[in-house]
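Residue numbers (the numbering used here): 1 to 568.
C-beta: ideal position from N, C-alpha, C; glycine also.
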Amino acid sequence: MSRILITSALPYINGVKHLGNLAGSMLPADVYARFERARGADVLYICATDEHGTPAELAAAEAGQDVATYCAIHHQAQHDVGRAFGLSWDWFGRSSSPQNHRLTQHFAQVLEDRGLIEERVDKLVYSIDDKRFLPDRYIEGTCPVCGYEKARGDQCDNCNSLLDPIDLIDPVSVISGSRNLEVRDTRHLYVVQTKLAGVIRAWVDSKSDFSSLARSIAYKHLDEGLIDRGITRDLAWGIPVVRHGAPRPGFETKVFYVWFDAPIEYIAATQEWSDAGGGDWRRWWRTDAGADDVRYVEFMGKDNVAFHTVSFPATILGSGEPWKTVDMLKAFNWLNWYGGKFSTSHKRGVFMDSALDILPPDCWRWYLTANSPEHSDSAFTWEQLVAAVNRDLADVLGNFVNRIMKFCEAKFDGVVPAGGAAGPLEEALFADVSAKLAEVTAQFEAIEMRKSAQALRALWVLGNEYLQVAAPWTAIKTDPERAGVIVRTALNLVALYARVSAPVIPFAAEAIACGVGEAWPPVWPSLDARAELDRLPAGRKIATPPVLFKKIEDADVAVWSERFGGAD
RNA sequence: GGGCCCGUAGCUCAAUGGUUAGAGCCGACCGCUCAUAACGGUCUGGUUGUAGGUUCGAGUCCUACCGGGCCUACCA
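Here it is in structure tokens:
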């Protein structure tokens with residue numbers, strides 16, 4: 001049995017995620033996990049909240065909570081909304097877990113033992129009123145190049161110059177507005193990535209399954225020369241910096257940088273799963289404990305690629321320990337909101353919790369799969385959402401299931417008809433379905449989201465085409481046995497659709513499977529349509545499920561546009 | 001500034017350098033009546049951003065330009 005480890009980029013703890021976060025990592029990872037499980041693979045799908053860093057501290061302060069409480073609440077909220085979307089994580093962990101503390105500290109220790117960590121003194125801007133060092137982007141001031149007054153510490157949005165916050169004229173803290181700032185020396189740990197360039201390049205060279213996007217980003221950093229990375233920060237919330245198990249002298253008020261510990265949480269979350277009785281985490285992550293035959297697939301937005309192709313590999317390759325590394329890296333672009341970005345503050349865009357207020361999860365899952373931003377940025381529009389739900393789900397799939405099951409209930413007492421044999425129409429159908437099954441399987445296997453949806457839809461369409469030509473409503477009047485063959489074949493199509501659609505629309509698929517009395521969770525079909533469309537036993541009682549996909553009305557769109565923005 | 005990506009039908013997107021550039025949606029027409037006013041069929045629709053170049057052959061490769069987007073390591 002093949003074993004597949006799947007991770008999706010860790011959603012940051014800071015508030016509910018929007019549809020772009022879902023579309024660009026968690027949803028495609030879930031679709032792939034469901035597909036491979038149905039095929040019989042041993043799948044482990046791991047995700048977690050990324051809980052450290054300045055934004056978490058600030059969000060907690062704004063909410064009037066201590067950081068630990070804030071993170072606990074929002075971890076649970078993200079967990080619940082993810083489950084409501086049907087995300088089938090085997091474990092949804094927390095980067096603040098004890099397991100991640102231990103493992104992050106372990107990696108730092110091992111890297112230092114191997115001479116890959118150095119202490120250096122940086123000059124950073126300290127805000128006396130905020131009582132904290134300010135990350136570059138939390139400082140604003142006048143651009144020394146062009147005079148723009150709202151330049152951020154790292155870059156001027158007006159002239160695009162890359163800046164050092166120390167050079168800003170009249171700097172101000174974005175957090176408090178305070179101008180009471182000073183430059184202070186601060187000591188930090190650095191991973192000496194310059195020593196690892198050869199190892200990382202050889203590793204990237206060996207990853208032929210990486211997308212061109214992932215490879216080009218990795219090579220860009222390698223070609224320009226890797227920069228040693230600071231892996232500690234002056235913060236209270238995070239993983240303490242220790243040495244040989246004791247607080248590291250001079251680092252008592254510092255923690256590891258969130259980007260150092262977050263990817264390590266992929267492994268630590270698996271340990272959390274393990275400790276909770278899930279199984280042996282080593283079989284998935286240690287090549288000296290059976291992880292050699294694991295295929296590891298990562299899903300992420302393109303902003304994450306450099307961290308997953310350069311800095312995280314630097315951590316685990318630098319350790320010299322036998323860790324499993326990623327085999328396939330699937331990177332996504334952005335889902336935009338009417339050409340712009342999703343924005344909480346401007347009330348633009350739909351976030352995961354409110355999305356479920358207005359439509360069931362399958363509608364979103366289908367839309368975001370069929371319009372996945374996998375090869376370039378894509379734009380959310382209400383028009384496309386309506387088309388995806390009303391045309392694809394309601395008219396093509398939902399109506400097909402409904403029309404044939406209702407017909408069966410009306411003419412055959414809701415029982416799978418017996419008797420008769422497949423004729424030329426069925427033979428043609430078998431050939432078409434076999435071809436489409438092959439296409440659907442190939443696209444899911446290749447993790448091509450849009451093409452998977454396209455192929456699924458083409459498979460659904462075959463059902464309506466078949467019914468149109470076979471016309472059981474005519475046959476029932478003259479040749480009941482022939483009508484029985486048609487109904488039985490079409491009901492088998494219904495059952496088949498439940499199985500192949502399950503990765504994308506699991507809730508509807510389960511309702512359909514239940515309606516025709518089929519087992520759940522589903523098993524992926526073979527490519528032999530003749531066999532797959534002759535599975536339902538004659539005489540089985542079926543029950544038409546309630547309307548699978550309610551259509552979206554113009555009035556709904558008007559209300560939603562008002563509530564969420566867009567279309568204006 | 002550096003790097004990367006994109007530009008194809010009204011819209012969203014396809015097309016290992018190889019027939020006449022294809023799908024879905026939208027639109028028009030025809031058919032069907034089992035079904036969620038649903039389904040099926042036919043048709044309309046293109047100087048592939050612009051200008052050059054390489055090639056027997058270019059949407060695809062090269063150059064320049066125009067337009068849009070992303071990344072750039074301390075937001076994550």
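- For Trp337, the enclosing beta strand (DSSP E) has its first and last residue at Leu335 to Trp337.
- A straight-line Cα-Cα distance of about 13 Å links Phe85 and Thr369.
- Assigned with DSSP and collapsed to three states, Phe564 falls in helix.
- Less than 8 Å divides the Cβ of Val204 from the Cβ of Tyr219.
- For the 8 Å CB-CB criterion, Arg39 and Trp524 form a contact.
- In the three-state scheme derived from DSSP, where H, G and I count as helix and E and B as strand, Pro171 is classed as strand.
- Residue burial is scored here from C-beta neighbours: Asn333 has at least 16 other C-beta atoms within 10 angstroms and is therefore classed as buried.
- Between Arg283 and Ala291 the beta-carbon gap is near 6 Å, inside 8 Å, which marks them as a contact.
- Of the other Cβ atoms in all chains shown, fewer than 16 fall within 10 Å of the Cβ of Gln76; this residue is therefore exposed.
- For Leu329 and Val191, the gap between their C-alpha atoms comes out near 24 Å.
- When secondary structure is reduced to three states using DSSP, Lys123 falls in the strand class.
- Two segments are said to touch when three or more pairs of C-beta atoms, one from each, lie closer than 8 Å; by this definition the stretch 49-68 does not touch the stretch 194-204.
- Asp261 sits away from His106, with the two beta carbons spaced by 8 Å or more.
- For Leu368, the enclosing alpha helix (DSSP H) starts and ends at Pro361 to Ala370.
- A Cβ-Cβ separation of about 5 Å places Ala41 in contact with Ile4 under the 8 Å criterion.
- Fewer than three pairs of CB atoms, one per stretch, sit closer than 8 Å, so the stretch 453-462 makes no contact with the stretch 544-564.
- Note on the stretch 478-542: whole alpha helix (DSSP H) runs with a minimum of 4 residues are 480-501, 506-515 and 529-532, in chain order.
- Here Arg137 is not near Asp122, since their CB atoms are 8 Å or more apart.
- For Ala331, there is no enclosing alpha helix (DSSP H); the enclosing beta strand (DSSP E) covers residues Met328 to Phe332.
- Glu426 carries a helical assignment under DSSP once its states are collapsed to helix, strand and coil.
- Runs of the beta strand (DSSP E) lying entirely within the stretch 176-208 and spanning at least 3 residues, in chain order: 181-191.
- In the DSSP secondary-structure assignment, Tyr12 is bridged to Asp50.
- Setting aside the 5 residues that flank it on each side, Phe210 is surrounded in the same chain by Leu329, each with a C-beta closer than 7 Å to its C-beta; the list follows chain order.
- Distances from the CA of Asp377 to each of Gln443, Gly279, Arg348 and Gly301 were compared; the closest alpha carbon is that of Gly301.
- The distance from the Cβ of Trp285 to that of Ile267 is about 5 Å, consistent with a contact at the 8 Å cut-off.
- The secondary-structure analysis by DSSP pairs Pro247 across a beta bridge with Val242.
- Glu62 and Phe35 have their alpha carbons spaced roughly 41 Å apart.
- Around the CB of Arg365, 16 or more other CB atoms lie within 10 Å, so the residue is classed as buried.
- Shown here, Trp237 sits in coil according to DSSP, grouped into three states, outside any helix or strand.
- Taking 8 Å as the cut-off, the Cβ atoms of Gly414 and Ile542 count as close.
- Ile128 sits in coil when the DSSP states are folded into three classes, being neither helix nor strand.
- Shown here for Trp460: same chain residues with a beta carbon closer than 7 Å to its own, the five before and five after excluded, namely Val396, Leu397, Phe400 and Tyr497 in chain order.
- Counting only unbroken stretches of 3 or more residues, the beta strand (DSSP E) elements lying wholly within the stretch 37-89 are 42-49, in sequence order.
- Look at Tyr296 here: in three-state DSSP terms it is strand.
- Leaving aside the five residues that flank Ser274 on each side, the residues in its chain whose CB is nearer than 7 Å to its CB run, in chain order, Asp280 and Trp281.
- Contact check for Pro522 and Ala511: beta-carbon distance about 12 Å, past the 8 Å limit, so the pair fails to qualify.
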